[in-house]
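First comes the structure, then the notes that go with it.
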Amino acid sequence: MKVLVTGAAGFIGMHVAERLLERGDEVVGLDNLNDYYDPQLKYDRLARLEPYERFRFVKMDVADRAGIEKLFAEEKFDRIVHLAAQAGVRYSLINPHAYIESNIVGFMNILEGCRHNKVEHLVYASSSSVYGGNEKMPFSEQDPVDHPVSLYAATKKSNELMAHTYSHLYGIPTTGLRFFTVYGPWGRPDMALFLFTKAIIEGRPIDVFNYGKMQRDFTYIDDIVEGVIRTLDRPAEPDPLFDTLDPDPGSSRAPFRIFNIGNQGPVELMAFVEAIETALGKHAIKNFLPIQPGDVPATYADVSALCEWTEYKPGLPAAEGVMRFVRWYREYFSV
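67 is the number of the first residue of the sequence shown in the numbering used here; add one for each residue after it.
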């Protein structure tokens, strides 16, 4: 297939593009290479993809309407993996406009590209953050997600609504994937694992929010990629059992699906820190702080729908995933 991967210089995007290339697909990778974090890491990720003959990189912002229209018209993609977005819950408190430009305007441009160019399937990144203040665990696609606690979450929920509209109106198969705390080699420097590892190595304190009483369904990057590829390979279909009197939020009469991708096993933040300490052979200096605005105390994915659809269930233990990340970190930074 010819696949457009947006956010190809990002953490998940690079890994997804690499897997598609390894199996023989043609991949056009798109990224704006912004400076939300050190762009050098993005360039180094791209350097892993450039040796593949069937890979081509396009530097472009998804919010560039004319550029995206031209790209879709010229390339005639079979399928799309849309991962480009302004990420981060906490940054959305500082620079909210960046989230509207990238996550709303950018997604609109991708949907329009699919609409006018007969794209077979759009798979896009949603987020566990859409569950907001929900306290019923585990989080299920059947749960209401009407109370986001950050603008980032609100934009991701908006993406799901926009996708359903285009699936309904134009018959475009769309699948939204609610990622749960993705981690692993080549990860983002603003994520806890990266921040904690760097600080512990340098002998600096780590900020432990909610006094350590956080739980996250940490999901290793390889599990995420497997879920993305398997959903890409099975385009969304209308749900023959969809009941308009008792509608399932995760499906539709339109070719539309929503799936959680998580490890289905929340880990206490302190246990995660201990795994990092074990992998590094060094204790952390902990600075305990209250929970930050926009954060939620716990996430926990019900992945039964994903398992049924793809016959795949994520499951790498956090301790093993942390060990693999630390090994990469030491090699990448020559520590």
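Glycine residues also receive a C-beta, built at the ideal position from the N, C-alpha and C atoms.
field: 6 angstroms CB neighbourhood of D127 in its chain, flanking five on each side removed
entry: Same-chain partners within the cutoff: N98.
- prompt: Which word fits E84, buried or exposed, when buried means at least 16 other C-beta atoms lie within 10 angstroms of its C-beta?
  reply: Looking at its Cβ environment, which holds 16 or more other Cβ atoms inside 10 Å, E84 is buried.
message: Could you tell me the alpha carbon to alpha carbon distance between V274 and M389, rounded to whole angstroms?
response: About 20 angstroms.
Beta-carbon proximity of D283 to G253, cut-off 7 angstroms: Result no, Cβ atoms of D283 and G253 do not sit closer than 7 angstroms.
task: Report all residues from its chain with a CB closer than 6 angstroms to the CB of L86; omit the five preceding and five following residues, and keep chain order.
output: Taken in chain order, the residues that qualify are V69 and V93.
- request: Would you list the residues sitting across from Q281 in a DSSP beta bridge?
  value: Paired residues: E334 and A364.
query: From what residue to what residue does the beta strand (DSSP E) around R244 run?
result: It spans T240 to F245 - the beta strand (DSSP E) in which R244 sits, taken as one unbroken run.
query: Comparing alpha-carbon positions, which option in S318, L307, D299 and I272 lies nearest T376?
result: Closest option to T376, Cα to Cα, is D299.
query: Would you say D144 and M67 are within 7 angstroms of each other, going by their C-beta atoms?
result: A contact, by the Cβ cut-off of 7 angstroms.
message: Just verifying my parser: in three-state terms, what is the DSSP assignment at A350?
response: Look at A350 here: in three-state DSSP terms it is coil, with no helix or strand label.
message: Taking the alpha helix (DSSP H) that L159 belongs to, which residues open and close that run?
response: Looking at the DSSP string, L159 is not in any alpha helix (DSSP H), and its letter there is neither H nor E.
field: Inter-stretch contact at 8 angstroms, needing at least 3 Cβ pairs: the segment 199-218 / the segment 352-366
entry: Using a C-beta cut-off of 8 angstroms, the segment 199-218 makes contact with the segment 352-366, since at least three inter-stretch Cβ pairs fall below that distance.
- prompt: Quick one, which of R89, I78, K142 and A139 has its alpha-carbon nearest L112's?
  reply: Proximity to L112 across R89, I78, K142 and A139 peaks at I78, based on C-alpha coordinates.
The alpha helix (DSSP H) enclosing M145, as first and last residue numbers: This sequence places Arg at residue 145; Met is not what is there. For R145, no alpha helix (DSSP H) run applies; the uninterrupted beta strand (DSSP E) run containing it begins and ends at R145 to H148, by DSSP.
query: If you drop the 5 nearest sequence neighbours on each side, which residues of the same chain put their C-beta closer than 7 angstroms to that of E292?
result: Closer than 7 angstroms at the Cβ level, and outside the excluded window around E292, lie Y378.
- prompt: So, P380 versus D289, is the Cβ gap smaller than 7 angstroms?
  reply: Yes, Cβ-Cβ distance for P380 and D289 is below 7 angstroms.
field: Proximity of Y286 and G387 at Cβ, strictly below 7 angstroms
entry: The beta carbons of Y286 and G387 sit closer together than 7 angstroms.
- request: With DSSP as the reference, label R122 as helix, strand or coil.
  value: Here R122 carries a strand assignment [DSSP, helix/strand/coil].
- request: Report back the beta-carbon spacing between P251 and W394 to the nearest angstrom; my notes put them in contact at under 8 angstroms.
  value: Correct: roughly 4 angstroms between the Cβ atoms.
query: How many whole angstroms separate the CB atoms of V211 and Y197, which I take to be in contact at a CB cut-off of 8 angstroms?
result: Indeed, because the Cβ distance is near 6 angstroms, the residues count as touching under 8 angstroms.
- request: Could you tell me whether the Cβ atoms of N326 and A367 are closer together than 7 angstroms?
  value: Yes, the pair counts as a contact, with Cβ atoms nearer than the cut-off.
The alpha helix (DSSP H) enclosing N175, as first and last residue numbers: Taken as a continuous stretch (DSSP letters only), the alpha helix (DSSP H) holding N175 covers G172 to H182.
- request: Figure out for me which residue from V401, Q106 and Y109 has the closest Cα to the Cα of I267.
  value: Closest by alpha carbon: V401.
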